[in-house]
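To keep things clear, I will list the structure first and then write my remarks on it.
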Amino acid sequence: MRMSMRIKHVVVLLAMAGLLGAGMGTAAARADGVPVAYNYSFWGDTVSSPAPYLPAALLNGRDLGVGPFKEPNDLFVTADGDIYVLDSGNNRIVVLDRQLQPASVIDSFVRDGHADTFANPQGIFVTDDKEVLIADTGNRRIVHLDRQLHLVKVIESPESELLPANFVFQPVRIAADKAQRLYVLAVGVFDGFMEFNADGTFTSFIGANRVRVDPVELFWKRISTREQRSRMVLFVPTEFTSLDMNEEGFIYATNGDQWGETIKKLNAHGNDILRREGYFSPRGDIRYTASAGPSRLVDIDVADSEIYSVLDAKRGRIFTYNGDGHLMYVFGGLGNKRGEFNTPVAIERLGDDFLVLDKALGEITLFQVTEYGSTLNEAVRSYYRGDEERAVELFRKAVDMNANLEFAYSGIGKALLRQGKYAEAMQYFKLSMDQRNYSKAFQLRRKEVLREYLPAVLSAAMAVTAGLLLLKKLRKMLRRKGAATLE
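Under mature numbering (1 follows the signal peptide of the UniProt record, and there is no 0), the letters of the sequence shown match residues -27 to -1, 1 to 460, in that order.
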């Protein structure tokens, strides 16, 4: 009996040791710098996910040999991989090549024969021709330099009947389309982005956010006196927080409306055409505590194939969506570990990798794509290009690596739908809870079945009808014959 009790004690101790060891192993893995990655299920539950990206390098001005970055605010990566770092506190732009080595520093330009400098610039955009546009916020202007860094024009103090008489121009973000029209996010402007012609003339506003009214506040305003109403909060549209432009000239933007549509895709008329066909509208985290509140999106980056990523400053996370609005993956966070941030302010893609700029620390974190992230990216690209067979193959590979990825089942279903495999597509739409596309596949399958079997069914029906008519006629003939015999 004593021996059996000792054996039981040993088994219990070994089990406890195993649990502790597993717990310590998990903690070590997290402390090692691997960011926690997750996704959301159809029911809104947080489900674990393989890491789509891993931190690979940490860049700062001191290690690059250009002096410490001081409160940098923006990044821009050109098509050929040049990286422009807007070092706002030092009033300069540091240019890195694709190998992440310093190439040049832009801290002044010549204007009217004299050197001119920047004052706390907040935004930068580089055109396909390598022309540089700087939102020189402290100097209340936009500076346009050509690829040789010669001054093209300066936009300051725009005038228009649309602007108030006391308007102070403070640009903070900027983008340009292929027609050289400029779209500017300015401080205190609630009417949308300011649009400028190629010659620098202000023309109009585009994409204003809707005014959101608090019903309780509205009720009190209705029953209050004029003096009381003057002391109440005004109902004004929320400001945008960032913008980016894709190859087709559509503006992708984030705004501070925490309860509305925080991500928009604007066409030339300023209408929001972003597709929101995912389980939840693209907005960052959908699960959060009441005290913490929803995500605060401060930057957006648009890649190819309508893939876009947004940066949440509140929790330091990067959310990436496909063109239909499905959440592909999440990574990052706030903290002191590698791959986490203090005050993230900007994101950019370098090929299939990510660069994230931390304003407080004056650092850039390079995230390299993992096999899982690369597989999912290529699956979405293949579907976008119309290569359904490749898309199905890659989505299935992604599901093998992450069975919780319900969105991938929908991707497989859409690819099969394009291939005309409606019955098989229905099975995958059912797995992904994609009711809209399931109904579409069901209707197409029903038409397919009707086309396949309807001729045979109609032929059989006609044969049966003809047989019945012949039988009826034969019976009548027999009756008549029988009556004649009786007579």
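Even for Gly, the Cβ is constructed at its ideal location relative to N, Cα and C.
Note that the coordinates shown come from a computational prediction; the quantities given were computed from them, not determined experimentally.
Check	Outcome
Start and end residues, alpha helix (DSSP H) containing PHE402	395 to 404
SER81 versus MET167, MET435 and ILE107, residue with shortest Cα-Cα distance	ILE107
Beta-carbon proximity of GLY384 to ALA398, cut-off 8 Å	no
TYR156 versus PHE223: straight-line alpha-carbon distance, rounded	11 Å
Nearest neighbour of ASP326, chosen from LYS370, VAL275, ALA371 and ALA333 [CA to CA]	VAL275
Close Cβ partners of LYS449 (< 6 Å) along its chain, the five nearest in sequence each way excluded	none
DSSP-derived helix/strand/coil call for PHE213	strand
Burial state of MET205 (16 or more Cβ within 10 Å)	Only weak support is given to the placement of MET205: the predicted model assigns it a pLDDT of 46, under 50, and the question is left unresolved by the model.
GLY86 versus LYS126: straight-line alpha-carbon distance, rounded	14 Å
Boundaries of the beta strand (DSSP E) in which ASP89 is found, first to last residue	87 to 90
Cβ of PHE98 within 8 Å of any chain D Cβ	In the structure shown, chain D cannot be found, because there is only a single protein chain.
Between the CA atoms of TYR13 and LEU404 - distance to the nearest angstrom	15 Å
Run of the beta strand (DSSP E) containing ILE385, from where it starts to where it stops	It is not in any beta strand (DSSP E) - ILE385 instead sits in the alpha helix (DSSP H) that spans 379 to 391.
Residues that DSSP places opposite VAL303 in a beta bridge	TYR11 and PHE292
Minimum C-alpha distance to TYR57 - residue among ASN228, THR338 and ILE97	ILE97
For LEU27 and ARG120, the rounded distance between their alpha carbons	34 Å
Residues that DSSP places opposite MET218 in a beta bridge	ILE224
Per-residue DSSP class, three states only, for ASN33	strand
Check whether VAL67 and VAL39 have beta carbons under 8 Å apart	yes
For TRP232 and GLN416, the rounded distance between their alpha carbons	36 Å
At least 3 beta-carbon pairs within less than 8 Å: the region 427 to 443 vs the region 400 to 414	no
PHE175 vs PRO131 beta-carbon contact at 8 Å	yes
Beta-bridge pairing of GLY96 - partner residues as DSSP gives them	ALA108
Short Cβ contact (8 Å threshold) for ILE115 with ILE79	no
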